[in-house]
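J.:
Residue numbers (UniProt numbering), protein chains in the order written: chain A, 1 to 311; chain B, 1 to 311.
1. Less than 7 Å separating the Cβ of residue 4 of chain A from some heavy atom of the ligand NAP?
2. Using a Cβ-Cβ cut-off of less than 9 Å, list which residues of the region 108 to 122 of chain A approach chain B; keep chain order.
3. Rank B/221, B/21, B/12, B/155 by C-alpha distance to the C-alpha of residue 193 of chain B and give the top, closest one.
4. With respect to the beta strand (DSSP E) encompassing residue 270 of chain B, which residues constitute its N-terminal and C-terminal limits?
5. Here's a check: name, in chain order, each residue in its chain whose Cβ is nearer than 7 Å to the Cβ of residue 201 of chain A, leaving out the five neighbours to either side.
6. Taking only beta-carbon atoms, is residue 209 of chain B less than 8 Å away from chain A?
7. So if DSSP puts residue 287 of chain B in a beta bridge, which residue, or which two residues, is it bridged to?
8. Going along chain A in order, which residues have a C-beta closer than 8 Å to the C-beta of residue 102 of chain B?
9. Excluding the 5 residues preceding and the 5 following residue 232 of chain B in the sequence, name in chain order all residues of the same chain whose CB lies nearer than 8 Å to its CB.
10. What residue range does the beta strand (DSSP E) around residue 48 of chain B cover?
11. Of the choices A/309, A/297, A/307, whose alpha-carbon is the least far from that of residue 318 of chain A?
12. What first and last residue would you give for the beta strand (DSSP E) that runs through residue 67 of chain B?
13. For the region 177 to 188 of chain B against the region 150 to 165 of chain B, are there 3 or more C-beta pairs whose distance is under 8 Å?
14. When you compare each of A/160, A/283, A/168 to residue 116 of chain A by their alpha carbons, which one comes out closest?
15. From residue 171 of chain B to residue 54 of chain B, what distance separates their C-alpha atoms?
16. Is there at least one Cβ from chain B nearer than 8 Å to residue 131 of chain A's Cβ?
17. Determine whether the beta carbon atoms of residue 3 of chain A and residue 37 of chain A lie at a separation below 8 Å.
18. So if DSSP puts residue 182 of chain B in a beta bridge, which residue, or which two residues, is it bridged to?
19. Please report the Cβ distance between residue 32 of chain A and residue 9 of chain A, rounded to the nearest whole angstrom; I am assuming they are in contact, meaning their Cβ atoms lie under 8 Å.
20. So for residue 250 of chain B, helix, strand or coil by DSSP?
21. My output table needs one value for residue 59 of chain B: the three-state DSSP class, helix, strand or coil.
22. Can you tell me whether residue 255 of chain A is buried or exposed? The criterion is at least 16 other CB atoms within 10 Å of its CB, across all chains shown.
23. Specify the secondary structure class of residue 165 of chain A as computed by DSSP and reduced to three states.
24. Can you grab the Cα-Cα spacing for the pair residue 70 of chain A / residue 191 of chain B, in whole Å?
25. With DSSP run on the structure shown, which of helix, strand or coil describes residue 37 of chain B?
26. With 8 Å as the C-beta to C-beta threshold (strictly closer), list the residues of the region 71 to 84 of chain B near chain A in chain order.
27. For residue 103 of chain B, which beta-bridge partners are listed by DSSP?
28. Just the Cα atoms here: how many angstroms apart are residue 284 of chain B and residue 25 of chain B?
29. I'd like to know whether the C-beta atoms of residue 320 of chain B and residue 89 of chain B end up nearer to each other than 8 Å.
30. Ignore the nearest five residues each way along the sequence and tell me which others in residue 154 of chain B's own chain have a CB closer than 6 Å to its CB.
31. Compare the C-beta of residue 11 of chain B against all C-beta atoms of chain A and say whether one is closer than 8 Å.
32. Nearest-angstrom Cα distance between residue 72 of chain B and residue 93 of chain B?
33. Under three-state DSSP, which class holds residue 6 of chain A?
34. Just how far apart, CA to CA, sit residue 64 of chain A and residue 76 of chain A?
35. Distance, Cα to Cα, residue 229 of chain A vs residue 22 of chain A?
36. Figure out for me which residue from A/295, A/109, A/98 has the closest Cα to the Cα of residue 110 of chain B.
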């Protein structure tokens, strides 16, 4: 009897890893006897579009809800309900592969759950291919390598582990790519900021946090030239101020990160007290709404924890 | 720099797997460079005591709370907070190895989480030893084999998978035991019911469930002779009736399971409607407070789901 079909997908607003880890995990599971299809919970961003075009890979079908299509699903790169399909509670989650904390997640039945605190889910999936001794197809290896480059900013993010480094080397060899040169090209493709409005840029990769009663919004854009991005500084400030009034944020932090030099300039707008807290937490000075943050690339690891601790 | 010490433990009211999976996983992690100690959240039950005496193995230190002893812990065979140490929220959970559903569990940070829907956690730990190519010491192999025998009732429970079968065979070979004869002896050691009061027996392995507003309690005792156990039928009924009044249960199901023949007789006491629901769900007849349940051995898999669906 053929296995019941399952869908495999990453989080909403997908990035390269969310989509490609789903593609890689779906292929692996099908080799092991499952009947799965990888899908995406959104259209590709600029970087991901570059990746799929570059390797002539088929971007998965885009869905936003299961709508009764299947009864069982597998999640990659997320577990929190609000990051998943809208009707996630109507289906059985049979497998999860992830590298985030576990929160707002509950199942009725036992399941396969594989989480490891590595830089990229595709690194975990690479380990699983090796454990199962399944050969990784060239094109899938290229997508997985691209995911690791994306999530670790070419192995420079402090979230990078030795296993991410080993995986990227191995996958690049299989895919026949020079990950240093390809990686730079790929990251740059994701920084074509001119095609977006400043409002789109402060929304694109933004997360909200409650820090001891303060509503804090932290957005991040990657660039290859911070000065060039800051030519639109006046528009950023106008949009952020409007957003703070509109949504009641006490503090808005826009991290403009140079992926080549691994430095960040922050545009910081909010209550006087909140700005003072930011200065103390990040050991920097905010002047003319801007702060220099040398060596900062990871919101998750270098900005949220010290800020959360100071509030 | 030596690694910070962590404690490894299974659930409260520990059974053979909860304790032995902790012992086996702690040893594995120490081989991989961690600094851990396995502990138990309770004294051994009759079966577990037999196992540790039989192999002259040291039963882990018993704790009920962390009390600031360590900052980080690893969980095996459970994840739900109410089954763990009382102060679980005060420490960081860095690793989980489990075979249950995920519920009432949340972390602040990413972690290692390995769950698989297999019959026994020790089977998952056995896979991890193989993946890491770490040799399993004879005594630990014996404890892991005992765990699989315990959780799967000598491979007869419907929760048993092919991987549990493979693991038991391999571990028995390493430990130098004949798992059929040893397993029967071990399971019988856990059925020395005469040493317990009927009140202890209906408490020993009992779980509460809310089924569509009905408060349902399901207890299970293992025996090698159901008729012999039912010599104390009048006392069981008296204690259960008192319990129903005291705790407000709508239905109490005591499963008396013959581990040799894999059959169960239920002692069923509760509201008329609830008893009717039980009869329909399990396709049986309750007469004189008793119901025959041939082939039933697993509460989790054969009793809770049909009952929950009927209420």
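Quick reminder that beta carbons are idealized off the backbone N, C-alpha and C, glycines included.
T.: Once the coordinates are examined:
1. This structure lacks the ligand NAP; in fact it carries no ligand of any kind.
2. Residues 108, 109, 110, 111, 112, 113, 114, 115, 116, 117, 118.
3. Taking the first residue of the second chain as position 1, residue 193 of chain B is located at position 193. Of the listed residues, the one whose Cα sits closest to residue 193 of chain B is B/221.
4. In the second chain, counting from the first residue as 1, residue 270 of chain B sits at position 270. Segment 263 to 270, the beta strand (DSSP E) holding residue 270 of chain B.
5. The residue you call residue 201 of chain A lines up with position 201 of the first chain. So the list reads 193, 221, once near-sequence residues are dropped.
6. For this step, residue 209 of chain B is matched to residue 209 along the second chain. Closer than 8 Å: no.
7. Numbered from 1 along the second chain, position 287 holds the residue referred to as residue 287 of chain B. Within the DSSP bridge table, the entry for residue 287 of chain B names B/290 as partners.
8. Position 102 of the second chain holds residue 102 of chain B. Simply 102, 105, 106, 107, 111, 113.
9. As a first step, residue 232 of chain B is located in the second chain; it is residue number 232 there, counting from the start. So the list reads 198, once near-sequence residues are dropped.
10. The residue labelled residue 48 of chain B in the question sits at position 48 within the second chain. Segment 46 to 54 is the alpha helix (DSSP H) holding residue 48 of chain B; no beta strand (DSSP E) there.
11. Residue coverage of chain A in this structure runs from 1 to 311, which leaves residue 318 of chain A outside it and unanswerable.
12. Position 67 of the second chain holds residue 67 of chain B. Counting along the chain, residue 67 of chain B falls outside any beta strand (DSSP E), and DSSP gives it neither H nor E.
13. yes
14. Here residue 116 of chain A corresponds to residue number 116 of the first chain, with the count starting at 1. The residue with the shortest Cα to Cα distance from residue 116 of chain A is A/160.
15. Along the second chain, read from residue 1 onward, the residue named residue 171 of chain B stands at position 171. Along the second chain, read from residue 1 onward, the residue named residue 54 of chain B stands at position 54. The straight-line gap from Cα to Cα measures roughly 16 Å.
16. Taking the first residue of the first chain as 1, we reach residue 131 of chain A at position 131. Yes, residue 131 of chain A counts as interfacial toward chain B.
17. Stepping through the first chain from its first residue, residue 3 of chain A is reached at position 3. Stepping through the first chain from its first residue, residue 37 of chain A is reached at position 37. Not closer than 8 Å, so no.
18. The residue labelled residue 182 of chain B in the question sits at position 182 within the second chain. Residue pairing for residue 182 of chain B: DSSP places it in no beta bridge.
19. Mapped onto the first chain, residue 32 of chain A falls at position 32. Mapped onto the first chain, residue 9 of chain A falls at position 9. Taking a contact as a CB-CB distance under 8 Å, the pair residue 32 of chain A and residue 9 of chain A does not count as one, their CB atoms being some 18 Å apart.
20. Position 250 of the second chain, counting from 1, holds the residue named residue 250 of chain B. Reduced to three states, the DSSP call for residue 250 of chain B is coil.
21. Translated into the one-based positions of the second chain, residue 59 of chain B becomes position 59. Here residue 59 of chain B sits in coil by DSSP.
22. Translated into the one-based positions of the first chain, residue 255 of chain A becomes position 255. Its Cβ being crowded by 16 or more others within 10 Å, residue 255 of chain A is buried.
23. Within the first chain, the letter at position 165 stands for residue 165 of chain A. Helix at residue 165 of chain A.
24. Locating residue 70 of chain A in the first chain gives position 70, counting from the first residue. Locating residue 191 of chain B in the second chain gives position 191, counting from the first residue. Rounded to the nearest angstrom, the two C-alpha atoms are 44 Å apart.
25. Translated into the one-based positions of the second chain, residue 37 of chain B becomes position 37. The answer is strand: DSSP assigns residue 37 of chain B an E or B state.
26. The region 71 to 84 of chain B vs chain A, Cβ under 8 Å: nothing.
27. Sequence index remark: in the second chain, residue 103 of chain B carries index 103 (1-based). Its beta-bridge partners do not exist; DSSP assigns none.
28. For this step, residue 284 of chain B is matched to residue 284 along the second chain. For this step, residue 25 of chain B is matched to residue 25 along the second chain. Distance between the alpha carbons of residue 284 of chain B and residue 25 of chain B is about 42 Å.
29. Any answer about residue 320 of chain B is impossible in this case: the structure gives chain B only from 1 up to 311.
30. To locate residue 154 of chain B, count along the second chain from 1; it is residue 154. Around residue 154 of chain B: 183.
31. Taking the first residue of the second chain as 1, we reach residue 11 of chain B at position 11. Not an interface residue.
32. Within the second chain, residue 72 of chain B is the residue found at index 72, counting from 1. Within the second chain, residue 93 of chain B is the residue found at index 93, counting from 1. Distance between the alpha carbons of residue 72 of chain B and residue 93 of chain B is about 6 Å.
33. Stepping through the first chain from its first residue, residue 6 of chain A is reached at position 6. Residue state, collapsed to three classes: strand.
34. Along the first chain, one-based indexing puts residue 64 of chain A at 64. Along the first chain, one-based indexing puts residue 76 of chain A at 76. Taking the straight line joining both Cα atoms gives about 15 Å.
35. Within the first chain, the letter at position 229 stands for residue 229 of chain A. Within the first chain, the letter at position 22 stands for residue 22 of chain A. In this structure, the alpha-carbon of residue 229 of chain A lies about 32 Å from that of residue 22 of chain A.
36. Reading the second chain from its first residue, position 110 is the one you call residue 110 of chain B. Of the candidates A/295, A/109, A/98, the one whose C-alpha sits nearest the C-alpha of residue 110 of chain B is A/98.
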